[in-house]
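One structure is given below, encoded as structure tokens.
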Amino acid sequence: MTWQTVVEGTVKGLGYELVDIEKSAGGLLRVTIDRVQGDPSGEFIVVEDCEKVTRQLQHVLEVENCGYQRLEVSSPGLDRPLKKAADFARFAGERVALTLKLPFKGRKRFSGTLLAHPSGAGWRLQLEAEPAPVARGKSRVPSARPAPAEPLEQVLDFELEEVREARLVPELDFKGRRFVPAAPQDAAQADRRAVGVDGGR
1 MTWQTVVEGT VKGLGYELVD IEKSAGGLLR VTIDRVQGDP SGEFIVVEDC EKVTRQLQHV
61 LEVENCGYQR LEVSSPGLDR PLKKAADFAR FAGERVALTL KLPFKGRKRF SGTLLAHPSG
121 AGWRLQLEAE PAPVARGKSR VPSARPAPAE PLEQVLDFEL EEVREARLVP ELDFKGRRFV
181 PAAPQDAAQA DRRAVGVDGG R
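All residue numbers for the sequence shown refer to the working numbering, where the first residue is 1 and numbers rise by one.
Here you go:
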């Protein structure tokens, strides 16, 4: 049994979602967890969740003789990465920052609202609207104000294989001085903080 399988099975067995896992050359095992979609216990990962997973992983990794020097368990934070198809399906309708592996029309980075492709295959990013160009006439009345231009909506269709990195885009509420998720979800009003717990061997 590989260490990846051990970690994934342990995290899922405790009722959490494994967002990401990586092991550095120096022996640091970094595990990112989140609540599963629809978890009634709350929307955000807290320190107690990280401590719970850390304790269980320390025990299981020792039993399975999986070598590591340090264990770090944390939440994905507000700008959670989207790694797999299930992540994209879960966060459809959210604002996302996307980096492609290859440039499209001279760009690799795009941001907008993530949507499922109408065809059912692949994904679509409704890009941030840009102002439409205002037509300039030869004559102009000084006191007249031009009508506001309608924004031009553009979309980017893509497959997951074309994506280098994708992350949720948090919005900062300056009045409330707190970060809030981009989508209008009322399930929780608390901040989503990146919390982490270190567990050494």
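Beta carbons are placed, not taken as given, at the ideal position from N, Cα and C, and that holds for glycine. These numbers were taken from a predicted model, which means no experiment stands behind them.
Inter-residue spacing [alpha-carbon to alpha-carbon] between residue i and residue j
i, j, result
"E159", "W123", "6 Å"
"V46", "P76", "11 Å"
"V63", "V155", "50 Å"
"L18", "E128", "30 Å"
"F179", "L82", "Legend: pLDDT at F179 = 47, less than 50; position of this residue unreliable, value from coordinates given subsequently. Those two C-alpha atoms are separated by around 19 Å."
"R35", "P103", "34 Å"
"A190", "R167", "Because A190 carries a pLDDT of 32, less than 50, the predicted location of this residue cannot be relied on, and the following value inherits that uncertainty. Near 20 Å, if we compare the C-alpha coordinates of R167 and A190."
"T99", "K108", "5 Å"
"V60", "L115", "39 Å"
"D20", "R90", "16 Å"
"L71", "E48", "16 Å"
"G67", "C50", "20 Å"
"K52", "A92", "30 Å"
"L28", "E22", "8 Å"
"D157", "F110", "11 Å"
"K101", "E162", "6 Å"
"Y16", "F44", "11 Å"
"R30", "W3", "12 Å"
"S24", "V73", "14 Å"
"E94", "G106", "25 Å"
"D87", "N65", "31 Å"
"E171", "Q37", "21 Å"
"G176", "H117", "The predicted model places G176 with a pLDDT of 48, which falls under 50 and marks its position as unreliable; any figure quoted below should be read in that light. C-alpha separation (whole angstroms): 35 Å."
Exposed unless 16 or more other CB atoms sit within 10 angstroms - verdict on residue i
i, result
"G13", "exposed"
"S119", "exposed"
"T5", "exposed"
"D39", "exposed"
"R206", "Any question about residue 206 goes unanswered here, given that the chain covers just 1 to 201."
"T32", "buried"
"S41", "exposed"
"M1", "exposed"
Beta-bridge pairing of residue i - partner residues as DSSP gives them
i, result
"F104", "R107"
"F158", "W123"
"D49", "For D49, which the question treats as bridged, DSSP gives no partner whatsoever."
"G112", "V96 and L127"
"D20", "T32"
"R55", "Answer is none; R55 lacks a bridge partner."
Nearest-angstrom beta carbon gap, residue j and residue i [assumed within contact, 8 Å]
i, j, result
"V96", "L125", "7 Å"
"G26", "Q69", "7 Å"
query = Between the segment 2-10 and the segment 51-63, do at least 3 Cβ pairs fall closer than 8 Å?
reply = yes
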